[in-house]
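What follows is a set of notes on a single structure, which appears directly below.
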Amino acid sequence: MTAIPTLLVIILASFFLMRLAPGGPFDGERPLPPETQAALQAAYGLDKPLWEQAWLYVSRLVQGDFGPSLVYRDFTVSELVAQGLPISLTLGGLAILLALLMGISGGLYAAARAGKTADKTIMTLATIATALPTFVTGPALALCFGLWWGLLPVSGTGEGWSWLIMPVVALALPVSGAVAKLTRAGLATVLKQDHIRTARARGLSETTIMFKHGLRPALVPVASYLGPAAAGLLTGAVVVETVFGLPGLGRYFVQGALNRDYPLVLGVVTLYAALIILFNLFADLIYGWLDPRMRDE
Amino acid sequence: MRALFNRNHWPLWVVLALVALALILPAILPWTYDQIDWDAVRAPAFSGSHVFGTDEIGRDRLARLAAGTRVTLMVAVAAAMVSLVVGIAWGATAGWMGGKVDEAMMRFVDALYALPFMFIVILLMVIFGRSILLVFVGIGLVEWLTMARVVRGQVMALKQRPFILAAEAAGTPSIKIVLKHVLPNIAGVALAYLMLTVPQVVMIESFLSFLGLGVQEPLTSLGILVKEGADDMDMTPLGLLLPGGLLVLLLICLTIEGERLRDVYS
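Protein chains in written order, with the working numbering: chain A, 1039 to 1335; chain B, 2 to 267.
Structure (structure tokens):
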């Protein structure tokens, strides 16, 4: 229920932050004549009092109108977002799937081999993975697979889906490390509980115990990490889109912020915030499925 | 103290060695980080006095690495300190006061956790002129949340301990109890989380610098060096691999050491 107020606070905070800034969207190489400046300001409603502008913005936003872009003059923000969003969503969605796949299976295997070499190796790899920033792995991957070995395209979207591989891997690596650690830690706690001992006493195989009785409750910490993970993936996507020259939302955000394209930046921030809040809600729903004891709360 | 010399603590020694190098090298190298050697533009490694060669405008790579590491670590320590101070003040107040105050303060922290903070920081950087001071204040203000949660939990647990109750019964003023009896007892845990904050901060600072929103030229940082290297990697891969490798090594060592400390205290 807190989703809507949170979103509103984020929108308003970003709105006023942007406007506090010195400089505006119409500062070019050559200063415009004052009359032109004033006419432009009036045309975009920038001459009205700030509160009125904020109110106008929010009331239009509710109707799905993000306003015009001040820098890409021929486009509305909605059009730019419609171009960028599919790319960013594909990147982020695939990255989180890959991260969950690698992380959960890694964590599961490590927990099954608890205390052995495999466990230690996987956990060390997970720690290393969490410390790999996308802005290092992205260019490094591009250097190896793109420039040296020529296996994958270095930039742009191009044909087929091979352009997705490197950006998705760079994004997924740090998240997969964190997921592996959380899965491993979750399993370590769950496997000590009574229902597992009962399952063992009944003579069930280790595989059945792990997958049928251990894994589900052990994934609760992973679910609570989904929200921060989504935020991390979105910030990572900003870098990955810049590195690999992909026309996603992240690039519009950085470009827009540097050019003081107020509506564009606000639109992207609003979308990002909505996505993150959605992800948190989704995580709340998953809790109940993972651990039925939490449904009543 | 002896535990530090255990060979399991190699990550700590790597970090200390890198810190020492970053501090000493600029003093003994023949080149400064912003000095251009016109006779050796894009010099390969081990040519003349340039151990790692020079970049695309003839600046010594090793000198730039040392200077960049120094700035990155400086920002990291300063920002981690900001998060430490704010986090302890907030968490200790909430934990000590309890009740409604605690609930309100922690709700606030929960709400902030849900925000896409990176974007607010990016906006801040764009708006208020990208000064190095703002970089660490901005990052510090993002990173205090976990510290506040941890400290609050610790304070609440301590509050029930006999020696605190005894101090209260003896009429010691609250502020004195918190400062003299509570805070020293949470120092270990706070230190562990401070260690874990440092790599986070390093990552955020490099991220901002990479986007051109953090530390500004002529100052340099590891993030800027990675960015420069990435732009020029088809000509000289070394320009990307050196700062990238150094940054990753630093992050890995700090993370391993931080997690180890945290596990000791929890």
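We put the CB at the ideal spot given by N, CA and C, even for glycine.
N- and C-terminal bounds of the alpha helix (DSSP H) containing Pro1177/A: Pro1177/A: member of the alpha helix (DSSP H) spanning 1172-1179, first to last residue.
Classification of Thr1172/A by the beta-carbon crowding that lies within 10 angstroms, buried from 16 upward: Buried: at least 16 other Cβ atoms inside 10 Å.
Which residues DSSP lists as bridging Pro1106/A, in chain order: Thr1114/A
Pick from Arg1289/A, Ala1164/A, Leu1050/A that is closest to Arg1222/A, judged by C-alpha positions: Ala1164/A
Where Thr1165/A meets chain B, residues with beta-carbon distance less than 9 Å: Against chain B, a Cβ distance below 9 Å from Thr1165/A picks out Ile253, Thr256, Ile257, Glu260.
Contact between the region 1248-1256 of chain A and the region 1173-1184 of chain A (3+ Cβ pairs under 8 Å): no
Beta-bridge partners of Ile37/B, as assigned by DSSP: Its beta-bridge partners are Arg60/B.
Whole-angstrom C-beta distance between Ile187/B and Gln161/B, which should lie under 8 Å: That pair is no contact at about 14 Å.
Residue(s) in a DSSP beta bridge with Gln1233/A: Strictly speaking, residue 1233/A in this sequence is His, with Gln absent from that position. Beta-bridge pairing links His1233/A to no other residue.
Rounded C-alpha distance that separates Trp14/B from Val52/B: Going by C-alpha positions, Trp14/B is about 23 Å away from Val52/B.
Residues, ordered as in the chain, of the region 17-28 of chain B that lie near chain A by beta-carbon distance below 8 Å: Answer set for the region 17-28 of chain B: empty.
Beta-carbon spacing of Val138/B, Val122/B below 8 Å: no
Contact set between Asp235/B and chain A, taken where Cβ atoms lie within less than 7 Å: Leu1185
Cβ-Cβ distance between Phe1317/A and Gly1270/A below 8 Å: no
Contact set between Pro1177/A and chain B, taken where Cβ atoms lie within less than 8 Å: Val227, Gly230, Ala231, Met234, Leu241, Gly245
Cβ-based neighbour list, Leu30/B, same chain, cut-off 6 Å, excluding 5 preceding and 5 following: Ala64
Members of the region 202-223 of chain B that neighbour chain A once the beta carbon cut-off is set at 7 Å: Met204, Ser207, Phe208, Phe211, Leu212
Per-residue contacts from Pro1259/A into chain D (C-beta, under 7 Å): As a matter of chain content, chain D is missing from the structure shown, whose protein chains are A and B.
Chain A within 8 Å of Leu192/B, Cβ atoms only: no
Residues bridged to His51/B (per DSSP): Ser48/B
Chain B within 8 Å of Pro1171/A, Cβ atoms only: Closer than 8 Å to some Cβ of chain B, the Cβ of Pro1171/A qualifies, so yes.
Candidates Thr1162/A, Leu1118/A, Gln1231/A, Val1213/A: closest to Leu1139/A by CA position: Checked all of Thr1162/A, Leu1118/A, Gln1231/A, Val1213/A; the closest Cα to Leu1139/A is Val1213/A.
Candidates Ser1116/A, Trp1089/A, Leu1084/A, Pro1087/A, of which the one nearest Val1306/A by Cα: Ser1116/A
Contact list for Ser1052/A against chain B, beta-carbon separation under 8 Å: Those within 8 Å of Ser1052/A in chain B are Phe120, Ile121, Leu124.
Within chain A, partners of Pro238/B - CB distance below 7 Å: The contacting residues are Leu1181.
Proximal residues to Gly96/B (C-beta, below 6 Å), its chain only, five neighbours per side dropped: Arg153, Val156, Met157
Partners in chain A for Ala77/B, counting only beta-carbon separations shorter than 9 Å: The premise fails here: Ala77/B is roughly 13 Å from chain A at the closest Cβ pair, so nothing lies under 9 Å.
Best match in Gly189/B, Gly230/B, Phe164/B, Ser84/B for proximity to Asp264/B [C-alpha to C-alpha]: Gly189/B
Closer than 8 Å to chain A by CB, Val249/B: yes
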